[in-house]
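Peer 1: In the working numbering, the protein residues as written are 1 to 131. We put the CB at the ideal spot given by N, CA and C, even for glycine.
1. Buried or exposed: residue 33, going by 16 or more other Cβ atoms within 10 Å of its Cβ?
2. Contact between the segment 42 to 60 and the segment 74 to 90: three or more CB pairs below 8 Å?
3. Any idea what DSSP makes of residue 116, helix, strand or coil?
4. Could you please give me the residues that DSSP links to residue 43 through a beta bridge?
5. Assuming residue 9 is part of the alpha helix (DSSP H), what are its boundary residues?
6. Is DSSP giving residue 24 helix, strand or coil here?
7. What residues match up with residue 66 in a beta bridge as DSSP calls it?
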C-alpha cells in the first residue's frame, strides 16, 4: 500500500503541479509559540497560488477531518487569498464529504472567514465533488 505522501506525489505529477514543502510554521510574535501544520502535500498552481493536499483513507474519523479544517482556517487567516484550494484524496468520498459538510458551517460561523474551495478526489486524482 502506498503512503499518503506517495499518493499525493503521484497526483501532483499527473496534474503537473509544482511541489513545495507541505510544512507551514506560524510564530506568535509575543509568546514565540510556534504552530506547525503538516499536510500530505503542497504545491503551486498554474496561477501561482497555494494548493494543499490531504489523503484520508477509510475508516475516516470526523474529529481528524475537523482538525484539518481547523488547520485550513489557521492558514487562511494568515495567507488569506493565497490558498487556492484544498484537495482531499480518498478511498471513501461519501464519508469524507459528510464530515466536511457537517463541520464547515460551524467553523464558518465562528471564524467569519470564507474557507478556500475544496475538491474531493479519488486515489487517481479525479475530482468526485467540489465543496
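Peer 2: In short, the structure shows the following:
1. Residue 33 should be labelled exposed.
2. With the rule of 3 Cβ pairs closer than 8 Å, the segment 42 to 60 counts as touching the segment 74 to 90.
3. Residue 116: coil per DSSP, three-state reduction.
4. As a beta-bridge residue in DSSP terms, residue 43 pairs with 19, 51.
5. In the DSSP assignment, residue 9 falls within the unbroken alpha helix (DSSP H) covering 4 to 14.
6. Correct three-state label for residue 24: strand.
7. When DSSP reads this structure, residue 66 sits in no beta bridge, so it has no partner.
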